[in-house]
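**Q** Residue numbers (this note's numbering): 48 to 221.
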């Protein structure tokens, strides 16, 4: 059975994952509005991933005998100065997610909650990938100064991204 302290912390992360999903959907709308459908697609896929992450937290809390709580989510920003600034905000956001996941791991270890620690390891690995993916786009945006044909080529590349659901094998962490 999950402790109240761990349950509350995981529910807070559930809320944060839903905020992340809304942030990326807002970014998708921004990119669609400025005529960059590939980046809009990239962010929409990111939205789908974050929604799946939220559901992992939801399901895990329930599977451990806790109660999943759906809290109010803050409204995300809707505008960025340019594509580079939007991806810079994405990188900053993912760094914050990583910090939060690390704090959850620390809490699970302190509480001797080995099941939660194991569950969170998937997210530790996922955050490495999330930060690397965003950094790669930022590096490319810097190369093309975030404009011109280079920007359009990067946008076209981003259009190819598709959503792949995390594996479901009966383990909420998988």
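Cβ coordinates follow ideal geometry from the N, Cα and C atoms, glycine included.
#1: Tell me the DSSP secondary structure of residue 192 in three-state form.
#2: Between the alpha carbons of residue 60 and residue 209, how many angstroms are there, rounded?
#3: Is the Cβ of residue 111 closer than 8 Å to any Cβ of chain E?
#4: Starting from residue 120 and walking both ways along the alpha helix (DSSP H), at which residues does that stretch end?
#5: Below 8 Å on the Cβ atoms is my contact criterion, and I expect residue 49 with residue 112 to pass it. Report the Cβ-Cβ distance as a whole number of Å.
#6: Where does residue 210 fall in DSSP's three states?
#7: Measuring alpha carbon to alpha carbon, tell me which of 81, 99, 78, 137 ends up nearest residue 65.
**A** The answer reads as follows:
#1: In the chain shown, the residue the question calls residue 192 occupies position 145. Three-state DSSP puts residue 192 in coil, outside helix and strand.
#2: Counted from its first residue, the chain shown places residue 60 at position 13. Counted from its first residue, the chain shown places residue 209 at position 162. The straight-line gap from Cα to Cα measures roughly 25 Å.
#3: Looking for chain E here will not work: only one protein chain is present.
#4: By 1-based counting over the chain shown, the position of residue 120 is 73. It is not in any alpha helix (DSSP H) - residue 120 carries neither H nor E in the DSSP assignment.
#5: Working through the chain shown from its first residue, we reach residue 49 at position 2. Working through the chain shown from its first residue, we reach residue 112 at position 65. Between residue 49 and residue 112, the beta carbon gap of about 6 Å places them in contact (Cβ cut-off 8 Å).
#6: In the chain shown, the residue the question calls residue 210 occupies position 163. The answer is coil: DSSP assigns residue 210 none of H, G, I, E or B.
#7: Reading the chain shown from its first residue, position 18 is the one you call residue 65. Closest option to residue 65, Cα to Cα, is 99.
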